[in-house]
Amino acid sequence: MLNSSLDNREKERRLFLSRMTAAFILVALLLMTLLGRLFFLQVVENERHEARSQTNRLEVLPIPPIRGLIYDRYGELLARNEPSYTLSVVVERADDLESLVQQLSDLVEITGEQEARFFDRVRGYRRPFEPIPLKVRMSETDIARIAANRIFLEGVQVDAELIRQYPYGEEFAHVLGFVGRINQEEVRKLDVGAYAGTRFIGKQGIEREYENALLGVPGFQRVETNARGRIIRVIEKQAPKPGANLHLYLDRELQQFAYNLLGDQRGSIVALEPETGGILAMVSNPGFDPNLYVTGFSTELYNALRDSPDNPFLNRAIRGQYPAASTIKPFLGLAGVDKGFVTWDYSIQDPGYFQLPTDDRIYNDWKRGGHGRVNMRKAVAESCDVYFYELAYKMKLEAIHEVYDQFGFGKETTADVYNPFNGINPSREWKRNRYGFSWYAGDTINLSIGQGYMLTTPMQLAIATSVMANRGKWMTPRLLMHSNDQALLDAIPEPPPDVHLNDDSNWDRMHLAMQDVVQGSRGTARASGMGATYDYAGKSGTAQVIAIERDENNEPVGNVPEQFRDHAWFMGFAPLKNPRIAVAVLVENGGGGSSVAGPLTRELFDFYLSRDLKQ
Amino acid sequence: MNFTEYVRQLPQGSMGRQQSLWTRVHIDPYLFVALLAVALGGMVVLYSATSGDLGAVYRQAVRFGIGFLVMIVVAQFDPRWFQQWGGTVYLVGVLLLVAVVISGTQAMGARRWLQIPGLIRFQPSEIMKLAVPVMMAWYVSRYGLPPRYRDLLVSAVLLMVPVALIIQQPDLGTSLLIACSGLFVIFLAGLSWKLITSFVLFAIAMAPVLWIWVMRDYQRQRVLTLFDPNADPLGAGWNIIQSMTAIGSGGLRGKGFMSGTQSQLDFLPESHTDFIIAVLGEEFGFIGAVALILLYCVIILRGMLIAVRARDNFCCLLAGSLTLTFFIYVFVNVGMVSGILPVVGVPLPLVSYGGTSIVTLLTGFGLLMSISTHQRT
């Protein structure tokens, strides 16, 4: 009994020991596994995990550069940067976005539109952890309210940033353009590195043309962050390189004067400095407030502007294309005499109409009954159509096309005007390509008075006028005068070849003919030239929009609806000797060039020349 | 004299005169020193894991104080005493678990706590961590080893009741530990290898059933995450990616005390509780982690030795089960933090911040010391 019990105990012992041995082996194996795993992670794969822990804690944050400033020729600031406080939300860090936005709108005023735009951007394409702006330009009170409630607003941040500000608003809107928020289409195209931390991009005008230079180069700071993205310390910092500052030829006072001169008339004024080709003023009326593109339009306002029949977003100076009308005559006349088709003494008897020998169509002069005996000088001064019909008939299309081309019509000659239209300087091929018809002699006749197929922008006419004033010497028309970025100045292209005449005295004689327009006894615009203290030259133009019934002085009969009224043109330069300014003025549907655009030109010259005299 | 007899003789023989003092105060010196070393080292890591929160370290120290006190007190009792009261404590524990189901306090999505009005809140499952092995060891060893099949069946039921009650709380980690403690008893008692093999095969066959019907979504998610943490690196995979990164970036020597970027910059979640080994691994490197595991080895080996030398079957089974369960603690915790096991809520024993688990663990070591120092007289 005792023996068997002892035997039993022995068996139990053996059994237990064998089980403990098995357990021991299992434990040993599993512990080896653990140690092996730790060895693998810490020694074998150490570098990989080390790298990951570094990327975890180290973050490279961009520091956006300061956008370059834009000045006028006298150093007046036309586009500056000012601090603005933006309320934004990092969606990834917010628990419940809807209720957070609700909470924020209890603290600061957030319009339904801002909210809608915010959620659009949240749902649209965005980088993870990118702060999405909810409200820009917060007031001091707003900032204080958010700051006081900060701890309840996980994921909300208030960022100070510099935003673009245009102190002269609509007066410079078309020439400077504006910056706006980078949109989704632009995000896909642009260099993400160059725009790190930057939310705005030049959309139009100078801001767009010189976008790369104005932008600058972003800096970076390497920071250590914790898991919630809060910066613990800055490890390394590289300062951003600010964008280039631009000094333009624009004359702030002249630009403003020109804009206000047009008042509530639609139109454009472009002024150049013939000696340099610098653009002194480039006005399109009506304008709009470019600052709204920076801070955000309300939809109603934007739609109202977009749908306005006055089309304020159209930059008429470079994208409004109009028949040049009679303003083209000095250029055609100059080529006519220089190439020997007529002489200064050659004259015709103007019956008030012209007829091609091959055609019985009548081409009327604007003045019924005609101008009597007309030579070149008188034809320019009185804007005699028949004289130029006949000249054009002699010259034929090719010679006319060539002279128009030499003065820059139908092509882009500006260096840094963003996205201009080129007008039309028609040719045989052009007409065939465009309409599928061959060129008719009658088309040439129309071309002689700047009608028919020919179209020009105010900028192109101003440039041609400037070349005329400069006696054929081309200077590249441009806005940029100088900059701290020399590369920009080096990038200004060479101008087209100068206009060479066989006889240089023809320049002076054409200038005198153009002086007669404003200061001669029978000039079409003599009323606007009266009392000028300086000699100047000009040429009016009245571009037909549609054929309307007219009296013997070419005045429309009855009450013509505004959109069918003629466009009023005037071009000119002053003073006559050593001209300092060349101008093209267009008033859309303004009526007669001499009576509407002429006086505006005179006022502009008075202002520019007299103000300079004061200095 | 064969090996078995030698081992049986060993306690009396090796203790000798010098160690009789330890025996008289019923403290096992090897266990005691190793436990103290883990506790002190753990508090150093805890100080860093809480970014220098002395308050937390102080509270942890108080728990250790209570724990060691309870351990020493428990060690004074003769194992026979646990044998007698094990069943009662087990019954009370089961009743309390049922009470939790009926009127437990909910916290963090689980119903685990029982609130005694005016008194503390506690988890009845902690009682079961000790009551289950005591009860099982007693029940299985009543008629000698190996146990009869009838007793095995009953003991399986005795095990399944508390495990089921705890699983539904849900508390996967604790139920896993308790299930292990019971299974270890049955295994050590001599369940035939044939049965063990068929159970393992059955378990493998049941795995899909568990997967589809028993496991909850978040549990399935954790298993999936184990295989591909990068599937959802900012969500389910975050914890495991960050803890592996923390351990891995520590390298051989570590980044230095208080200098772990993963833990100090809060990339590592739960850095002072379940994931504390990652802090150790990051700041003290492979050397530090191995040192801690070696300390655990000392404890486990000593526990196994106590089990082998214990005076009767009950003591053998209880000591063996407690020791192996302690190992499971270590293995599951380090395994999940280092990314070879799915994430189950098992703290790193004696290091993770947290009250009840320390006291329960040290009470368990009190039982071991009692077994170790109360030899047959």
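Protein chains in written order, with the working numbering: chain V, 184 to 798; chain B, 824 to 1200.
Beta carbons: idealized from backbone N, C-alpha and C, even for Gly.
Everything numeric in this text was worked out from a predicted model, so none of it was measured.
Point to revise | For V/S481, the nearest candidate out of V/D749, V/P248, V/Q297 (CA to CA) | key: V/Q297
Check your understanding: Helix, strand or coil: how does DSSP classify V/S793 here?
Key -> helix
Point to revise | 7 Å Cβ shell around V/M184 - same chain, five flanking residues per side excluded | key: Bear in mind that a pLDDT of 42 at V/M184, under 50, signals an unreliable position, so the model cannot answer this.
Exercise for review: Please name the residue or residues paired with V/V243 in a DSSP beta bridge.
Suggested key: V/R405
Practice item. Please decide whether B/F1154 counts as near chain V, where near means a Cβ-Cβ distance under 8 Å. Key: yes
Review point. Looking at chain V, which residues of the segment 1158-1192 of chain B have a Cβ within less than 9 Å of any of its Cβ atoms?
Key: G1158, S1161, G1162, I1163
Exercise for review: Report all residues from its chain with a CB closer than 6 Å to the CB of V/A598; omit the five preceding and five following residues, and keep chain order.
Suggested key: T659, R661, I675, P676
Review point. Is B/V1113 close to chain V, meaning its C-beta is less than 8 Å from at least one C-beta of that chain?
Key: yes
Point to revise | Alpha-carbon to alpha-carbon, V/F571 and V/A562 | key: 8 Å
Review point. Apart from the five residues on each side of it in sequence, which residues of its chain come closer than 6 Å, Cβ to Cβ, to V/T381?
Key: P247
Exercise for review: Out of B/M1127, B/V861, B/L1191, B/Q906, point me to the one whose CA is closest to V/I208's CA.
Suggested key: B/M1127
Exercise for review: Compare the Cα-Cα distances from B/I989 to each of B/V912, B/S1004, B/L920 and report the closest residue.
Suggested key: B/L920
Point to revise | Beta-carbon neighbours of V/V226, restricted to chain B and to distances below 8 Å | key: G1074, L1075, F1109
Point to revise | Run of the alpha helix (DSSP H) containing B/T1020, from where it starts to where it stops | key: 1016-1032
Review point. Under the rule that 16 or more other beta-carbon atoms within 10 Å means buried, what is V/E757, buried or exposed?
Key: Reading the sequence as shown, one finds Ala at residue 757 of chain V and not Glu. Per the 10 Å Cβ criterion, buried.
Exercise for review: With 8 Å as the C-beta to C-beta threshold (strictly closer), list the residues of the segment 398-411 of chain V near chain B in chain order.
Suggested key: E407, T408, N409, A410, R411
Check your understanding: Within the 8 Å Cβ cut-off, does V/E233 reach chain B?
Key -> yes
Check your understanding: DSSP three-state call for V/Q798: helix, strand or coil?
Key -> In this prediction, V/Q798 scores a pLDDT of 48, lower than 50, which makes its location untrustworthy; no coordinate-derived value is stated.
Exercise for review: Could you tell me which of B/L968, B/W904, B/R886 sits nearest to B/V1174, measuring between CA atoms?
Suggested key: B/R886
Check your understanding: Interface residues of chain B around V/I415 at Cβ under 8 Å?
Key -> L1088
Check your understanding: By how many angstroms is the C-alpha of V/F537 removed from the C-alpha of V/R551?
Key -> 12 Å
Practice item. Answer yes or no: do B/G1073 and B/G1104 have a C-beta to C-beta separation smaller than 8 Å? Key: yes
Check your understanding: What do you reckon, are the CB atoms on V/A356 and V/F471 nearer than 8 Å?
Key -> yes
Exercise for review: Just mark V/T716 as buried or exposed, buried being the case when its beta carbon has 16 or more other beta carbons within 10 Å.
Suggested key: exposed
Exercise for review: Give the residues from the segment 1121-1132 of chain B that approach chain V closer than 9 Å (Cβ to any Cβ), ordered along the chain.
Suggested key: I1123, L1124, M1127, A1130, V1131
Review point. DSSP puts V/F537 in a beta bridge; with which residues?
Key: V/Y546
Point to revise | Close beta carbons around B/Y1119, own chain, < 6 Å, minus the five adjacent residues each side | key: V1153
Review point. If you draw a straight line from the C-alpha of V/A427 to the C-alpha of V/A670, how long is it?
Key: 10 Å
**Study point:** Spatial distance of V/D548 from V/D568 (CA atoms)
**Key:** 5 Å
Point to revise | Cβ pair count under 8 Å reaching 3, the segment 689-708 of chain V against the segment 280-295 of chain V | key: no
Review point. In three-state DSSP terms, what is B/M1127?
Key: helix
Check your understanding: Going by the beta-carbon positions, is the gap between V/Y378 and V/N474 smaller than 8 Å?
Key -> no
Practice item. Check B/R1076 in the structure and name its three-state DSSP category. Key: coil
Check your understanding: So which of B/S1015, B/P970, B/Y1041 has the shortest CA-CA distance to B/P993?
Key -> B/Y1041
Point to revise | C-alpha distance - B/V923 paired with B/T1183, whole-angstrom precision | key: 19 Å
Practice item. Could you name the residues that DSSP lists as bridge partners for V/K420? Key: V/Q404
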